[in-house]
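Notes follow the structure.
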């Protein structure tokens, strides 16, 4: 088993990087580029699924010391149930979005003049996300973040039009600042403990002065909070996401914020369990949920509305983490898996709408359900899933979180449960508004000249290409599938939460307390 | 171990200047701010490495006289990353200047729209002036 881990664990990081180099070298051959990137990401999906099965049925945690350096000096890559689950969902979503964007590129007639930088950047983004999920070392986590951020800067400003440069500027400056905060935190942590290995840190941070711990803890939370778009630090997100092309927004919305959430989960459980900031996190979660959804209700552009629901639903995950119980963590993990799929699907469908109708402004859209029933179905299913209508996974995730909140039973937890219910209802209201105005009623006469919306599609009104519909439909099916396999998935997230609370599987595996070094 | 006060002061000044510049509206100043901030944090890593010593090369020095190589490796990585980011922001500032003739960070379109509406004392598009309430279900009214 450990021999397998040696090969499999670095694969999701190394393979996309290698493929990125290849696609860059083959910049003039779009067909070869396409084959390489699809193959690489498919292999990553297979590797991720294998690793999830291995960790869930095996001992739960595997680690590999990169380059053979022992864990305290070198950089370990660690796969436990949480990180492999995240890896599976993220790699499936990345692959689907890649297929979608390829179909869009072909349909837009980019065959003759391909943007040669797209494939390498996209692959690097995928490598960065995997690296962040698998890293067992704070500094390597920082590097993973920087890899994915650098790729995301380029994807966001691809083409360099006026709107994208404006949106990119905000995004780049805010992200740079968050990276600086994170880097400062790493420097201070090294000063206080003499290590950046997370397993080692979880043992050594106990002996650090509580006040110093609080400073380190808050610095890390601020850094990750900006990346995860948690409420007071979320203003950048609705400004920058909607201008990007649909597939880019979709992959950002699904993955980038979740990497921040993942980092928060790790910090809270591994480094600072029962830390002094959990009260703060509770209130932050409430503010994120409520303020985010109120923002969504006020929007009249589908992309902006979805960006605000994205911010709002990050609050649910932070809520689960802040509770700190097994139930809360399990709910948060389940919700992350569900939300990555659903949010990405919704942005992809919005891309299809934009392509079909030429706009995403609610004032300009109308009676889409009559004109294109297929799009209506594709939108309806994940939208109801997001709002949390009973049979769907959104409902199950929210139910799990609310139950965990009730189980904790303090008045703060009850306030948050109430906030969660209100947010869920308001999400339904926001979605119903989109449904009413874009799909149901007749298009309105344009009230003023401002209605252009945030259209980024290059070709409007042409037949929706099949290659774009199929990956979207596949993701809709995956979203529904999460409902079907909710039982086993909750089983995995329960065991992941147990591992997170227990901490010993993680630390002993990384530091080789239990498993002796093989073959050295 | 007593930390090196000079390094801490230098780092503090760099970070303070960097943050002040980051709050500016022109992208070029933001860029300089990022450079200063990055270097301030890099010096912080040097403080973290503890007492100065000989070069950490096996055979040239014993473990007791070496300086800690790990923060230096981290600083090196951080320098490379910051350099890449600075290059990117520089390109972004240039592109912004190309398009607009300046490189000021602009307001969001939606924000500007809200401000304009507020100045004109206009209500939002979904506000119904007759019933004095927000009507979202426009389908019911003609």
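Chains as they are written, first to last, in my numbering: chain A, 34 to 553; chain B, 422 to 563. The beta-carbon is built from N, C-alpha and C at its ideal position, and this holds for glycine as well. All values derive from a computational prediction rather than experimental measurement.
Cβ of residue 492 (chain B) within 8 Å of any chain A Cβ: Residue 492 (chain B) sits at position 71 when you count from the first residue of the second chain. Answer yes: the Cβ-Cβ gap between residue 492 (chain B) and chain A drops below 8 Å somewhere.
May I have the straight-line CA-CA distance separating residue 294 (chain A) from residue 438 (chain A), to the nearest angstrom? Counted from its first residue, the first chain places residue 294 (chain A) at position 261. Counted from its first residue, the first chain places residue 438 (chain A) at position 405. If I take the Cα positions, the gap works out to 19 Å.
Of all Cβ atoms in chain B, is any one closer than 8 Å to the Cβ of residue 186 (chain A)? What you label residue 186 (chain A) is simply residue 153 of the first chain in a count that begins at 1. So yes, residue 186 (chain A) belongs to the interface.
Within chain A, the residues that residue 448 (chain B) reaches when beta carbons sit closer than 7 Å: Walking along the second chain from the start, residue 448 (chain B) turns up at place 27. Here the neighbours are 202.
Applying a beta-carbon distance threshold of less than 7 Å, which residues of chain B neighbour residue 195 (chain A)? The residue you call residue 195 (chain A) lines up with position 162 of the first chain. When 7 Å is used as the limit between beta carbons, residue 195 (chain A) is near these residues of chain B: 520, in chain order.
Proximity test, Cβ basis, 8 Å: residue 289 (chain A) and chain B: As a working note, residue 289 (chain A) is residue 256 in the first chain. For residue 289 (chain A), the answer is no, since every Cβ of chain B falls outside 8 Å of its Cβ.
Decide if the segment 496-506 of chain A is in contact with the segment 44-60 of chain A; the criterion is three or more beta carbon pairs, one per stretch, under 8 Å apart. no
Contact set between residue 172 (chain A) and chain B, taken where Cβ atoms lie within less than 7 Å: Position 139 of the first chain, counted from the first residue, corresponds to residue 172 (chain A). Correct list: 495.
Per-residue contacts from residue 498 (chain B) into chain A (C-beta, under 8 Å): As a working mapping, residue 498 (chain B) is identified with position 77 in the second chain. What residue 498 (chain B) touches in chain A: 172 and 176.
What residues from chain B crowd round residue 216 (chain A), counting only those whose CB sits closer than 7 Å? Locating residue 216 (chain A) in the first chain gives position 183, counting from the first residue. Within 7 Å Cβ-Cβ: 462 and 499.
Helix, strand or coil for residue 484 (chain B), going by three-state DSSP, please let me know. Along the second chain, one-based indexing puts residue 484 (chain B) at 63. Coil at residue 484 (chain B), not helix or strand.
If distances are taken between C-alpha atoms only, which option among A:292, A:118, A:424 and A:527 comes closest to residue 181 (chain A)? Taking the first chain and counting its residues from 1, the one referred to as residue 181 (chain A) is at position 148. Of A:292, A:118, A:424 and A:527, the residue nearest in Cα terms is A:292.
If the cut-off is 7 Å on Cβ atoms, which residues from the segment 216-242 of chain A count as contacting chain B, listed in chain order? 216, 217, 220, 223 and 224
In terms of alpha-carbon separation, which member of A:115, A:48, A:174 and A:170 lies closest to residue 157 (chain A)? Position 124 of the first chain, counted from the first residue, corresponds to residue 157 (chain A). Checked all of A:115, A:48, A:174 and A:170; the closest Cα to residue 157 (chain A) is A:48.
The segment 236-247 of chain A in contact with the segment 185-201 of chain A per 3-pair CB rule at 8 Å: no
Any Cβ of chain B within less than 8 Å of the Cβ of residue 540 (chain A)? Position 507 of the first chain, counted from the first residue, corresponds to residue 540 (chain A). Not one chain B Cβ lies under 8 Å of residue 540 (chain A).
Under 8 Å, Cβ to Cβ, is there at least one residue of chain A near residue 488 (chain B)? One-based indexing of the second chain puts residue 488 (chain B) at position 67. No, because no Cβ of chain A sits closer than 8 Å to the Cβ of residue 488 (chain B).
Assign residue 445 (chain B) to one of three DSSP states: helix, strand, or coil. Locating residue 445 (chain B) in the second chain gives position 24, where the first residue counts as 1. Residue state, collapsed to three classes: coil.
Among A:211, A:234, A:427 and A:539, which one has its Cα closest to the Cα of residue 257 (chain A)? Residue numbering aside, residue 257 (chain A) sits at position 224 when the first chain is read from its first letter. Of the listed residues, the one whose Cα sits closest to residue 257 (chain A) is A:211.
Whole-angstrom C-beta distance between residue 77 (chain A) and residue 159 (chain A), which should lie under 8 Å: Your numbering for residue 159 (chain A) matches position 126 in the first chain. Your numbering for residue 77 (chain A) matches position 44 in the first chain. 7 Å between Cβ atoms; contact.
Suppose the cutoff is 8 Å on Cβ atoms and the five residues either side in sequence are ignored; what does the same chain contact list for residue 445 (chain B) look like? Here residue 445 (chain B) refers to the residue found at position 24 of the second chain. The residues are 451 and 454.
Specify the secondary structure class of residue 486 (chain A) as computed by DSSP and reduced to three states. The residue labelled residue 486 (chain A) in the question sits at position 453 within the first chain. Since pLDDT at residue 486 (chain A) reaches only 48, below the 50 mark, its modelled position is unreliable, and the value read off the structure follows with that caveat. Reduced to three states, the DSSP call for residue 486 (chain A) is coil.
Enumerate in chain order the residues of its own chain whose CB-to-CB distance from residue 154 (chain A) is below 6 Å, with the five nearest sequence positions on each side excluded. Working through the first chain from its first residue, we reach residue 154 (chain A) at position 121. Answer for residue 154 (chain A): 184, 187 and 188, listed in chain order.
Measure the CB-CB distance between residue 487 (chain B) and residue 473 (chain B) and report whether it falls below 8 Å. Translated into the one-based positions of the second chain, residue 487 (chain B) becomes position 66. Translated into the one-based positions of the second chain, residue 473 (chain B) becomes position 52. Not closer than 8 Å, so no.
Let me confirm a value: residue 483 (chain B) is counted as buried when at least 16 other C-beta atoms fall within 10 Å, else exposed. Which label applies? Start at 1 with the first residue of the second chain, and residue 483 (chain B) comes out as number 62. With fewer than 16 Cβ atoms within 10 Å of its Cβ, residue 483 (chain B) is classed as exposed.
Closer than 9 Å by beta-carbon distance: list the chain A residues that pair up with residue 429 (chain B), in chain order. Reading the second chain from its first residue, position 8 is the one you call residue 429 (chain B). None at all; the shortest Cβ gap to chain A is about 10 Å.
Separation of residue 234 (chain A) from residue 305 (chain A), as counted between CA atoms: Working through the first chain from its first residue, we reach residue 305 (chain A) at position 272. Working through the first chain from its first residue, we reach residue 234 (chain A) at position 201. Approximately 10 Å between the Cα atoms of the pair.
Residues of chain B with a CB under 8 Å from the CB of residue 209 (chain A): which are they? To locate residue 209 (chain A), count along the first chain from 1; it is residue 176. Chain B residues near residue 209 (chain A): 455, 506 and 510.
Excluding the 5 residues preceding and the 5 following residue 435 (chain B) in the sequence, name in chain order all residues of the same chain whose CB lies nearer than 6 Å to its CB. Locating residue 435 (chain B) in the second chain gives position 14, counting from the first residue. The residues are 457, 460 and 461.
On a Cα-Cα basis, can you pick out the residue from A:215, A:278 and A:300 that is closest to residue 259 (chain A)? Locating residue 259 (chain A) in the first chain gives position 226, counting from the first residue. When each option's Cα is compared against that of residue 259 (chain A), the closest is A:215.
Among A:111, A:339, A:371 and A:364, which one has its Cα closest to the Cα of residue 459 (chain A)? Sequence index remark: in the first chain, residue 459 (chain A) carries index 426 (1-based). Comparing Cα-Cα distances from residue 459 (chain A) to each of A:111, A:339, A:371 and A:364, the minimum goes to A:339.
Three or more C-beta pairs below 8 Å linking the segment 311-327 of chain A and the segment 346-358 of chain A: Result yes; three or more Cβ-Cβ pairs closer than 8 Å.
Beta-carbon spacing of residue 416 (chain A), residue 379 (chain A) below 8 Å: For this step, residue 416 (chain A) is matched to residue 383 along the first chain. For this step, residue 379 (chain A) is matched to residue 346 along the first chain. Result yes, Cβ atoms of residue 416 (chain A) and residue 379 (chain A) sit closer than 8 Å.
Three or more C-beta pairs closer than 8 Å, one from the segment 107-117 of chain A and one from the segment 157-177 of chain A: is that the case here? yes
Confirm, please, whether the CB-CB distance from residue 368 (chain A) to residue 357 (chain A) is below 8 Å. Locating residue 357 (chain A) in the first chain gives position 324, where the first residue counts as 1. Locating residue 368 (chain A) in the first chain gives position 335, where the first residue counts as 1. Taking 8 Å as the cut-off, the Cβ atoms of residue 357 (chain A) and residue 368 (chain A) do not count as close.
Short CB-CB distance (under 8 Å) between residue 469 (chain B) and chain A: Reading the second chain from its first residue, position 48 is the one you call residue 469 (chain B). Residue 469 (chain B) counts as touching chain A.
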